[in-house]
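Numbering (full-length UniProt numbering), first residue to last: 1 to 122. Idealized CB from N, CA, C, for every residue including glycine. Taking it in order: structure first as structure tokens, then the write-up.
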């Protein structure tokens, strides 16, 4: 096995607190998914990791990713248009529930491209 090019020096309290990961099909989607929509998706994944769904307030998402609620709504709308998330409204005063869709067409398209690349190397 080859030597890793990214390594951690030692166990860190920052890393021990956990971290969010993005599936390769999201990071390799290029311009099909905007960079901030990718970060928003990663943040939703971080919240949903245990149960497969999450319900952070848009205010909380904005604070987490360093933007405002209007921008968060724009990124969420992009993810919805790409069918990467489904938003279930819970009613007035309640947070929306975000359901993550790992079978979105854009993700399947990127997966096929990655598989072709692997076959060509093969």
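Pairwise C-alpha distance: residue j and residue i
i: residue 21; j: residue 122; result: 27 Å
i: residue 35; j: residue 92; result: 30 Å
i: residue 57; j: residue 84; result: 18 Å
i: residue 110; j: residue 100; result: 17 Å
i: residue 29; j: residue 37; result: 11 Å
Residue i: first and last residue of the uninterrupted beta strand (DSSP E) it sits in
i: residue 114; result: Element bounds for residue 114: not the beta strand (DSSP E) but the alpha helix (DSSP H), 105-121.
i: residue 94; result: First-last for residue 94: undefined, no H or E at that position.
First through last residue of the alpha helix (DSSP H) which encompasses residue i
i: residue 45; result: 35-48
i: residue 79; result: 69-81
i: residue 61; result: 58-65
Cross-strand partners of residue i (DSSP beta bridge)
i: residue 26; result: Note: residue 26 sits in no beta bridge, so no partner.
i: residue 89; result: Answer by DSSP bridge pairing: none, since residue 89 is not bridged.
Contacts around residue i, its chain only, beta-carbon distance under 6 Å, and the 5 residues preceding and following it disregarded
i: residue 25; result: 107, 110 and 111
Close Cβ partners of residue i (< 7 Å) along its chain, the five nearest in sequence each way excluded
i: residue 61; result: 40, 43 and 72
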